[in-house]
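Residue numbers (my numbering): 52 to 671. For each residue, glycine too, the CB sits at the ideal point set by N, CA and C.
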Amino acid sequence: TNPVDPANPTPEEDADSPTGPTLEPGTPVTWSYLVSNPGNVPLSITEIVDDAGTPGDTGDDLTPAPVEVGGFNVGDTNMDGLLDLDETWQFTADGVAASGPFTNTGSITVTDPGTGTSISDGDPTNHLGESLGPSVGPDLVIGLDKVMAPTTILPGDLAKVAATVTNVGNAAATGVVTVDFVLSEDLVADDSDPLLTRVAETVDLGIGDTAMFMDWFVRFTDLVLPALYNVLAVVKTGADIVETDVNNNTAVDGLERQLVWRFGRFGGRRSTKLHVQGVEYAHIGVGFSEIVSIDPDGRVSLRSEGTSRRSSVYVRPRRGVESLIGSVEVNGGLNNLDLSRSQLAGDVTLQQTLRNAKLGDVTGPSTLSLLNLDGDTRTKLRVKARDVRDLDVTAGHVRSISVRSWSSGDGTDDEVAVTRLDRFRARADVNGLRVEATDLVGRFQAASVRDVDLSADRIRSVSVTTWASTDGRQDRIDVAVLDRFRSKGAAAGLDVTAAERIGRFDALAMVRSNLFAGVRTGQTGLPAATGDFANLSGSIGAVNVRGFRRSADPAFIDARIAGWTIGPVKLPIVDANNGGATFGVAASSIRRLRLPEGNISLPAAPGLPVVHDDFRVEII
């Protein structure tokens, strides 16, 4: 009955036994109900009711209302709608004190969702309605005067709050009075509300006297979630002031304000840092940035406005903590974006340029997008990350992408779509990636490569440990010019198609792979006529398929090499039985063709192929 802290009532407030507290008849009464589950399974609350002191008469029963936050009971900590074993749910009902002894009983019915079994329980509370006569003592009433804070409260900004405290009691109030100014989402002051500022004064308030409590402040807690808040002022008295009525000690400023972590406009090299749930966020340079939301799972979303190429954004988790970045949106340019000690689980979007992006693990699905690709052609992006999964990149000129590994985990290939990529380097495996450059790919370097496609006007170098297709389709390298391809291991399920030229191809083995230069689009088998070529100047400089040392196993299996002109070709042991499907080498001229048994004497005229079962050498 009338608990000061509803979640932790005193024995007197619990009032299980008569007569309970003495109340003035007709005065307001608030009953609080705490419901817990001492059983062994979660329960569904079916009904909660208060008999209003008249057992057997349901006409005047009270229906306690749940105390909710965000649509769930404040005690439903996991927000699943079930009363779990470690939870205590809160309900409340209002009434007035009755005359004489009074006992009312709260009852609850719950159901086991698994069995449908229902059980009930009840608990009484008591009070004695009796005239107390006029109380003597001070009574402090608070009212908000001015809250000089903008609609959007920005941590670090200067704001002003003021409140008046008036003694409406019938005795003086002498001693220390503290006023807390807090932010509240539910208009009810409690210990979880973020503290804006605290003002303490020693007062001597006679009957009807008023004191002003005011503060200019820039202090903000570091655990405030961005949301809509009201400013509350709460009176707290010292032990030397005993009030006759403490129910009027909170005042609410009715204007909802959006709290946003934002850093005001900077110049020069000034930097500002802020800790938010274990994440230290620093913005350096021109412009300002905001942490606009923190999801319940701990994701931090960043938005930056008005930045320039000199601006930098860093997210630094505290030692031993890894932050989860939901998204980063920059309406401007950045010099550096450093998330190297965080996980990226959302998108990074910049309207203009970005010079350096350092990412930690990317868990995706995510995108890294530079939208204004024609903005600053002098800017060359560098991207560095650890293990990347489900990331798409869209940008202009990318100087380098350096990762530990890259994989697609959602069933669709990740994509890097750029104007130019000077270098791609993966220290470990690359799986499920498509790289498209309208101009140039300088160097592509990785360990094991699976299910990867490369497309560019020109690729200078491809260097891998192995390359294999495992998804049932052919991997592709589509270019006008490929200067060099080298695989320490085999190239399996790979089609290399160059419109003009392939400089040098070097691999341990070629399995179900094609190496075509100038060949007609759509050609799948070994060319056998001039019409199979789209470019009669397509050339291959040299081919070296090394084969397996100290092994008689074939290493050239169902593979084709074709160009209008081909330089020296060295092949390993050939598996000539290909089930009737022709494979081998085709060109108008081949400088030299060498097999393990020695050089092959090539025909002097077209139309006389060298045939060995399904393996052919066609001179066109």
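Beta-bridge pairing of residue i - partner residues as DSSP gives them
{"i": "residue 640", "result": "616"}
{"i": "residue 650", "result": "645"}
{"i": "residue 264", "result": "214"}
{"i": "residue 98", "result": "160"}
{"i": "residue 519", "result": "501 and 543"}
{"i": "residue 402", "result": "For residue 402, which the question treats as bridged, DSSP gives no partner whatsoever."}
{"i": "residue 231", "result": "249 and 285"}
{"i": "residue 254", "result": "226"}
{"i": "residue 152", "result": "179"}
Proximity below 8 Å, CB of residue i to CB of residue j
{"i": "residue 161", "j": "residue 136", "result": "no"}
{"i": "residue 509", "j": "residue 486", "result": "no"}
{"i": "residue 591", "j": "residue 568", "result": "yes"}
{"i": "residue 419", "j": "residue 402", "result": "no"}
{"i": "residue 235", "j": "residue 244", "result": "yes"}
{"i": "residue 637", "j": "residue 624", "result": "no"}
{"i": "residue 415", "j": "residue 390", "result": "no"}
{"i": "residue 432", "j": "residue 406", "result": "yes"}
{"i": "residue 434", "j": "residue 408", "result": "yes"}
{"i": "residue 284", "j": "residue 179", "result": "no"}
{"i": "residue 254", "j": "residue 302", "result": "no"}
{"i": "residue 104", "j": "residue 154", "result": "yes"}
{"i": "residue 611", "j": "residue 566", "result": "yes"}
{"i": "residue 577", "j": "residue 616", "result": "no"}
{"i": "residue 278", "j": "residue 310", "result": "yes"}
{"i": "residue 141", "j": "residue 57", "result": "yes"}
{"i": "residue 229", "j": "residue 249", "result": "yes"}
{"i": "residue 558", "j": "residue 596", "result": "yes"}
{"i": "residue 671", "j": "residue 580", "result": "yes"}
{"i": "residue 400", "j": "residue 380", "result": "yes"}
{"i": "residue 143", "j": "residue 87", "result": "no"}
{"i": "residue 159", "j": "residue 98", "result": "yes"}
{"i": "residue 438", "j": "residue 465", "result": "no"}
{"i": "residue 393", "j": "residue 368", "result": "yes"}
{"i": "residue 490", "j": "residue 507", "result": "yes"}
{"i": "residue 66", "j": "residue 52", "result": "yes"}
{"i": "residue 482", "j": "residue 501", "result": "yes"}
{"i": "residue 382", "j": "residue 363", "result": "no"}
{"i": "residue 282", "j": "residue 300", "result": "no"}
{"i": "residue 395", "j": "residue 417", "result": "yes"}
Coarse secondary structure for residue i, derived from DSSP in three states
{"i": "residue 119", "result": "strand"}
{"i": "residue 582", "result": "helix"}
{"i": "residue 368", "result": "strand"}
{"i": "residue 380", "result": "strand"}
{"i": "residue 415", "result": "coil"}
{"i": "residue 51", "result": "Outside the displayed range of the chain (52 to 671) lies residue 51, so it cannot be described from this structure."}
{"i": "residue 109", "result": "helix"}
{"i": "residue 62", "result": "helix"}
{"i": "residue 426", "result": "Here residue 426 scores only 45 on pLDDT, less than 50, and its place in the model should not be relied on; the value that follows carries that caveat. It is coil, neither helix nor strand."}
{"i": "residue 173", "result": "strand"}
{"i": "residue 138", "result": "coil"}
{"i": "residue 574", "result": "coil"}
{"i": "residue 199", "result": "strand"}
{"i": "residue 52", "result": "coil"}
{"i": "residue 307", "result": "strand"}
{"i": "residue 114", "result": "coil"}
{"i": "residue 81", "result": "strand"}
{"i": "residue 631", "result": "coil"}
{"i": "residue 599", "result": "coil"}
{"i": "residue 671", "result": "coil"}
{"i": "residue 72", "result": "coil"}
{"i": "residue 592", "result": "strand"}
{"i": "residue 421", "result": "strand"}
{"i": "residue 133", "result": "coil"}
{"i": "residue 606", "result": "coil"}
{"i": "residue 407", "result": "strand"}
{"i": "residue 88", "result": "coil"}
{"i": "residue 193", "result": "strand"}
Short CB-CB distance (under 8 Å) between residue i and chain B
{"i": "residue 196", "result": "As a matter of chain content, chain B is missing from the structure shown, which is built from one protein chain."}
So within the segment 432–514, which uninterrupted beta strand (DSSP E) runs reach at least 3 residues, ignoring any that extend past its ends?
Fully enclosed beta strand (DSSP E) runs of 3 or longer: 432–435, 438–440, 442–445, 448–454, 456–458, 465–477, 481–496 and 499–506.
May I ask you to verify whether the segment 179–197 touches the segment 286–299, counting CB pairs closer than 8 Å and requiring at least 3?
In the pairwise beta carbon analysis, the segment 179–197 is classified as touching the segment 286–299: at least three pairs are separated by under 8 Å.
Which complete beta strand (DSSP E) runs does the segment 524–572 hold, if anything under 3 residues is left out?
If we require 3 residues or more, the beta strand (DSSP E) runs fully inside the segment 524–572 come out as 526–538, 541–543, 545–558, 560–562 and 565–568.
Take every Cβ of the segment 103–119, pair it with every Cβ of the segment 162–178, and state whether three or more of those distances are shorter than 8 Å.
Two segments are said to touch when three or more pairs of C-beta atoms, one from each, lie closer than 8 Å; by this definition the segment 103–119 does not touch the segment 162–178.
Counting beta carbon pairs with one atom in the segment 510–518 and one in the segment 486–495, are three or more of them shorter than 8 Å?
A contact between stretches requires three or more CB pairs, one per stretch, nearer than 8 Å, and the segment 486–495 meets this requirement with the segment 510–518.
Counting Cβ pairs closer than 8 Å, one from the segment 539–547 and one from the segment 514–526, do we hit at least three?
They touch, by the three-pair rule.
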